[in-house]
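Below is one structure; the comments refer to it alone.
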Amino acid sequence: MKKTNAMRILESAHIPYETASYDDDGEHELGRGAAETLAKKLGIDPKLVFKTIVMRTETKELCVFCESAVNEINLKKARTAAGAKEIDPVKPDELLQLTGYVRGGCSPLGMKRKYRTFIDRCALDCEKIYISAGVRGGQIIIKPEDLIKACDALVCDLAL
Numbered sequence: 021m022k023k024t025n026a027m028r029i030l031e032s033a034h035i036p037y038e039t040a041s042y043d044d045d046g047e048h049e050l051g052r053g054a055a056e057t058l059a060k061k062l063g064i065d066p067k068l069v070f071k072t073i074v075m076r077t078e079t080k081e082l083c084v085f086c087e088s089a090v091n092e093i094n095l096k097k098a099r100t101a102a103g104a105k106e107i108d109p110v111k112p113d114e115l116l117q118l119t120g121y122v123r124g125g126c127s128p129l130g131m132k133r134k135y136r137t138f139i140d141r142c143a144l145d146c147e148k149i150y151i152s153a154g155v156r157g158g159q160i161i162i163k164p165e166d167l168i169k170a171c172d173a174l175v176c177d178l179a180l
């Protein structure tokens, strides 16, 4: 797999990681179905796959949320974590312009700008988790503690 900005950030911080790749068929399911498909392609437990969701608050601040793909994010918990009155996912057609990433290849690392990042505490129950490497078909395998450090993320309960 070609090196991505997410990988460069980890390397510059001397944070160890591994990569995994899979054939991207262009079909991008959402939620649990996506996790199960990806996990099957990689031969791993779906709970280890973490999705990255970018949300916008009522003040137009963008926040990044990482949640196990077998769970759904509770918007009330996301609002509380971000200290916002309102919060909604950005539209898929805005994602590239705002983050530099496309849907299905959005990593919490290496976005165009640094946004506040929140990671669900269920990540800490895993030895390693899989996050997007910043390209469709590529995953970074990383210890949750290392991802938290690299993103300067807050750990909180986000699951529905």
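Residue numbers for the sequence shown follow this note's numbering, so the first one is 21 and each next one is one higher. Beta carbons are placed, not taken as given, at the ideal position from N, Cα and C, and that holds for glycine. This structure is a prediction, so every number in the text was calculated from the model and none was measured.
Collapsing the DSSP output to three states places S127 in coil.
When C-alpha distances from Y121 are compared across L82, A153 and S41, the shortest belongs to A153. By the 16-neighbour rule on beta-carbons within 10 angstroms, D113 is exposed.
Using a Cβ-Cβ distance cut-off of 8 Å, the segment 126-134 and the segment 146-166 are in contact, since at least three pairs of beta carbons, one from each stretch, lie closer than that value. Listed in chain order, the non-local C-beta contacts of A102 below 8 Å within the same chain comprise M75, T77, E81, C83, R136 and F138, local neighbours out to five positions each way being set aside. Just measuring C-alpha positions, the residue of K134, R133 and P109 sitting nearest R123 is P109. The distance from the Cβ of V90 to that of K67 is about 5 Å, consistent with a contact at the 8 Å cut-off. In the three-state DSSP reduction, E87 falls in the strand class (E or B).
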